[in-house]
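Line order of the protein sequences matches chains V and F. Counting from 4, one number per residue, gives the positions in the first sequence under this note's numbering. Counting from 402, one number per residue, gives the positions in the second sequence under this note's numbering. All C-beta atoms, glycine included, are put in the ideal place defined by N, C-alpha and C.
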Amino acid sequence: MRHAALEQPIKAAPPDRQSLSLAMPAASQKQLRWLMARGNLARLLHGLVLLLALAALAHILTTLLIPHYASQDSGSLFVVSGAEGRADLIGTDVNPETAIIDADPFTAIGVCGFDLTDGPLRVRARSGQLPLALSVHVRGGGVFYAVTDKAAQRGIIEFVVLKQLQFDERVARDDDGESIRELRVVSPVPQGIVVARALVKQPSDRQTAEALVRGMACGSAS
Amino acid sequence: MAGVPSLFAPLTLPRRSRLDPVRPDLRTRYLIVLVLAALAAGIGSTWAVLGEKPPVGAVKLGPWQSFPRLGSADIDPYGRAILARGPHLPLATGEGIQLNAATDSAGATLSGSCRYRISGTTLPSRGWTLVVANGASRPLTGTDAAGLTDADVLTDEAGKLSITASPQMSSGNWLRLPQQARFELILRFYDTPVSSSISQLDPAALPRIDRLACEG
Numbered sequence: 004m005r006h007a008a009l010e011q012p013i014k015a016a017p018p019d020r021q022s023l024s025l026a027m028p029a030a031s032q033k034q035l036r037w038l039m040a041r042g043n044l045a046r047l048l049h050g051l052v053l054l055l056a057l058a059a060l061a062h063i064l065t066t067l068l069i070p071h072y073a074s075q076d077s078g079s080l081f082v083v084s085g086a087e088g089r090a091d092l093i094g095t096d097v098n099p100e101t102a103i104i105d106a107d108p109f110t111a112i113g114v115c116g117f118d119l120t121d122g123p124l125r126v127r128a129r130s131g132q133l134p135l136a137l138s139v140h141v142r143g144g145g146v147f148y149a150v151t152d153k154a155a156q157r158g159i160i161e162f163v164v165l166k167q168l169q170f171d172e173r174v175a176r177d178d179d180g181e182s183i184r185e186l187r188v189v190s191p192v193p194q195g196i197v198v199a200r201a202l203v204k205q206p207s208d209r210q211t212a213e214a215l216v217r218g219m220a221c222g223s224a225s
Numbered sequence: 402m403a404g405v406p407s408l409f410a411p412l413t414l415p416r417r418s419r420l421d422p423v424r425p426d427l428r429t430r431y432l433i434v435l436v437l438a439a440l441a442a443g444i445g446s447t448w449a450v451l452g453e454k455p456p457v458g459a460v461k462l463g464p465w466q467s468f469p470r471l472g473s474a475d476i477d478p479y480g481r482a483i484l485a486r487g488p489h490l491p492l493a494t495g496e497g498i499q500l501n502a503a504t505d506s507a508g509a510t511l512s513g514s515c516r517y518r519i520s521g522t523t524l525p526s527r528g529w530t531l532v533v534a535n536g537a538s539r540p541l542t543g544t545d546a547a548g549l550t551d552a553d554v555l556t557d558e559a560g561k562l563s564i565t566a567s568p569q570m571s572s573g574n575w576l577r578l579p580q581q582a583r584f585e586l587i588l589r590f591y592d593t594p595v596s597s598s599i600s601q602l603d604p605a606a607l608p609r610i611d612r613l614a615c616e617g
C-alpha cells in the first residue's frame with residue numbers, strides 16, 4: 004500500500020526576493036533592481052494619469068453643472084419680473100441685493116421674466132429720443148436675440164418669444180398666402196428674461212430713460 | 402498582461418481580514434484617496450479659472466480686451482458658468498460692445514497714483530461710455546463713482562478725443578480716478594456696426610492709454 008502523501012506532487016516554495024537575489028549573480032541583481040524601479044515608475048505614472056483624468060472630468064462636470072444649479076444669475080433672479088405686464092426697473096441703485104454686478108451706470112435697465120411653458124410671450128416697446136435696445140437672455144447664461152430701436156417700425160419694436168413647438172403650431176395655423184406681420188423668436192430654453200436697456204448720456208436723461216424701459220410691455224401672445 | 406506592471410499589483414496582496422470587515426482594504430483606500438484628490442483638484446481648478454473674466458474667448462485690441470461671446474448664443478461653458486455665479490447682463494452682439502483695460506498702452510497696470518491720457522478715435526456708435534471700475538471689473542459706486550459719456554467729452558475738429566485721467570482735477574476733459582488704488586477702465590459702445598466683427602478691428606481705431614506721470 005502506497006502512502007497517499009507520496010503521490011502528491013512536490014510543491015516547491017516560491018523563492019522570496021531576498022533569497023532569489025542572494026542566489027543571483029551581481030549582474031542579474033542589478034537587472035532585477037532596474038526592472039523593479041521601472042515597475043514602480045510605471046505604477047506612479049499610471050496613478051498620475053488616472054488622477055489627472057479624474058480631475059479633468061471633475062473640472063468639466065462642475066463647469067457644465069454650475070449654470071444648471073445657479074440661483075443668483077440674472078435669468079433666475081428676474082424670472083418673475085414684469086408680472087404685471089410691464090418691465091420692472093433694475094440697476095445699481097434700485098435694490099442692492101439684485102444689483103447687476105457689471106451694469107453700466109449710464110444706462111437704465113428694465114426686465115421682464117418669462118416662462119414659455121405658460122405660452123408664448125409678446126414683447127412691445129416704444130422707441131424714443133435715447134438709444135434703446137432689447138435683448139433676450141436665457142436662464143443659465145447666453146443671449147439669443149437682440150434688437151435696437153433702429154429696427155422699430157412706426158416707433159414700435161415688437162416680437163414674440165416662443166418655443167420651437169409653439170412656433171411650429173403657429174406656422175401650421177397661419178393661413179396660406181397671408182403675410183404674417185409678426186417677428187417670431189424661438190427660444191432654446193423655456194425660461195429667461197427680456198432686457199430693455201436705454202443709454203443715459205446726461206443726468207437729465209435719467210427719468211426719460213427709465214420711463215422708456217419701464218414702458219416695455221410683456222404679455223401673453225397665445 | 403505579462404510583463405506590464407499592474408497599477409494595483411502590490412496593493413492586492415494584503416487581503417481584508419474577516420475579523421475586521423468594516424476597514425477597507427489597501428486598494429479601496431488607495432482608490433478613495435485618488436478620487437478625493439482628483440475631485441479636489443478638479444473643483445479647485447474650476448474655482449480658480451472662474452474669475453471675473455472667462456479664461457478663453459478674449460479679443461485683445463491694444464490695452465483693451467473684450468469677450469464678445471458672453472453676449473451671444475454661442476457662449477462657451479466657462480462664460481456661462483461665470484454669468485451663472487451672479488447677476489450679470491452682458492451687452493448682446495448687435496446691442497453694443499464692452500472693452501476693459503487693466504493696463505495702459507505700454508502694458509503697465511493702471512494705478513490711481515498715476516496720471517493718464519486717453520486719446521485717439523472712437524468707434525462709430527449711437528453713444529459710448531467710459532467708466533472707472535475696481536480691480537475686479539466692477540464699476541465704482543457711491544462717491545467714488547466716476548465716468549464719462551460721449552456727451553460729456555469735447556473732441557477736436559477731426560473728432561479725436563483727449564481725456565486726462567487722474568485723482569486730481571484737471572482742465573479739459575477729466576476722468577476722476579481713485580486715489581492710490583488699482584483700477585480698470587470699461588469702455589462701451591452702444592449700437593455700433595462693428596459689434597459683430599470686433600475680432601477684425603484695428604486696435605488703432607480705439608483710444609490709447611498713455612501714462613503721463615506717477616507719484617512716489
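- An exposed status is given to His-71 (chain V), since fewer than 16 other beta-carbon atoms sit within 10 Å of its beta-carbon.
- Of F:Arg-481, F:Leu-435 and F:Glu-496, the smallest CA-CA separation from Val-457 (chain F) is found for F:Arg-481.
- The continuous stretches of alpha helix (DSSP H) do not include Arg-470 (chain F), and DSSP gives it neither H nor E.
- It is roughly 8 Å from the alpha-carbon of Lys-454 (chain F) to the alpha-carbon of Ile-483 (chain F).
- Exclusion of the five residues before and after Leu-602 (chain F) leaves Leu-462 and Val-595 as the residues of its chain whose Cβ lies within less than 7 Å of its Cβ.
- Residue state for His-140 (chain V) is assigned as strand, using DSSP reduced to three classes.
- Comparing alpha carbon positions, the residue from F:Gly-472, F:Asp-477 and F:Ser-520 closest to Ala-605 (chain F) is F:Ser-520.
- Secondary structure remark: continuous beta strand (DSSP E) runs of at least 3 residues inside the segment 32–98 of chain V, in chain order: 91–93.
- Within the same chain, Cβ atoms closer than 6 Å to the Cβ of Phe-590 (chain F) are found at Gly-497, Ile-498, Leu-524, Ser-526 and Trp-529, the five residues on either side in sequence being excluded.
- If you draw a straight line from the Cα of Ile-63 (chain V) to the Cα of Arg-46 (chain V), it comes to about 26 Å.
- In this structure Ala-73 (chain V) touches Ala-485 (chain F) by the C-beta definition: roughly 4 Å separates them, less than 8 Å.
- Contact note: Pro-525 (chain F) does not reach chain V at a C-beta cutoff of 7 Å; the least C-beta distance is about 13 Å.
- When the Cα atoms are used, Ala-214 (chain V) and Ala-111 (chain V) turn out to be separated by approximately 9 Å.
- Here DSSP, grouped into helix, strand and coil, assigns Gly-445 (chain F) to helix.
- Rounded to the nearest angstrom, the gap between the Cα atoms of Gln-169 (chain V) and Gly-122 (chain V) is 8 Å.
- Under the Cβ distance rule, Pro-193 (chain V) does not count among the residues neighbouring chain F, no pair being separated by less than 8 Å.
- Contact check between the segment 112–121 of chain V and the segment 81–96 of chain V: three or more CB pairs, one atom from each, fall below 8 Å, which counts as touching.
- Closer than 7 Å at the C-beta level to chain V, one finds these residues of the segment 452–475 of chain F: Gly-472, Ser-473 and Ala-474.
- With respect to chain F, the C-beta atom of Thr-101 (chain V) has a partner C-beta closer than 8 Å.
- With fewer than 16 other CB atoms across the displayed protein chains lying within 10 angstroms of its CB, Cys-615 (chain F) is exposed.
- Only Ala-493, Thr-494, Gly-495, Glu-496, Gly-497 and Gln-499 from the segment 493–511 of chain F bring a Cβ to less than 9 Å from some Cβ of chain V.
- Between the beta-carbon of Leu-541 (chain F) and that of Ala-534 (chain F) there is about 6 Å, and that keeps the pair under the 8 Å contact cut.
- The three-state reading of DSSP puts Ala-482 (chain F) in helix, counting H, G and I together.
- Residues of the segment 575–595 of chain F with a C-beta atom less than 9 Å from some C-beta of chain V are Ile-587, Arg-589, Tyr-591 and Asp-592, listed in chain order.
- By the Cβ neighbour-count rule, Ala-61 (chain V) is buried, with 16 or more other Cβ atoms within 10 Å of its own.
- Residue pairing for Ala-614 (chain F): DSSP places it in a beta bridge opposite F:Arg-516.
- Judged by DSSP secondary structure, Asp-171 (chain V) falls outside any beta strand (DSSP E) and instead within the alpha helix (DSSP H) spanning 167–176.
- Proximity of the segment 139–158 of chain V to the segment 183–202 of chain V meets the contact definition, three or more beta-carbon pairs being nearer than 8 Å.
- Not one beta carbon of chain V lies nearer than 8 Å to the beta carbon of Ile-610 (chain F).
- Boundaries of the beta strand (DSSP E) around Thr-530 (chain F): 528–534.
- For Ala-449 (chain F), there are no CB contacts under 6 Å within the same chain when 5 residues up- and downstream are skipped.
- At a cut-off of 8 Å between C-beta atoms, Tyr-479 (chain F) counts as an interface residue with respect to chain V.
- Using a Cβ distance threshold of 8 Å, Ser-130 (chain V) and Val-164 (chain V) do not count as a contacting pair.
- Around the beta carbon of Thr-510 (chain F), fewer than 16 other beta carbons sit within 10 angstroms, so the residue counts as exposed.
- Counting the other CB atoms within 10 Å of its CB gives Ala-90 (chain V) a total of 16 or more, which places it among the buried residues.
- The C-beta distance from Ala-199 (chain V) to Ala-128 (chain V) rounds to 6 Å, short enough to meet the 8 Å contact threshold.
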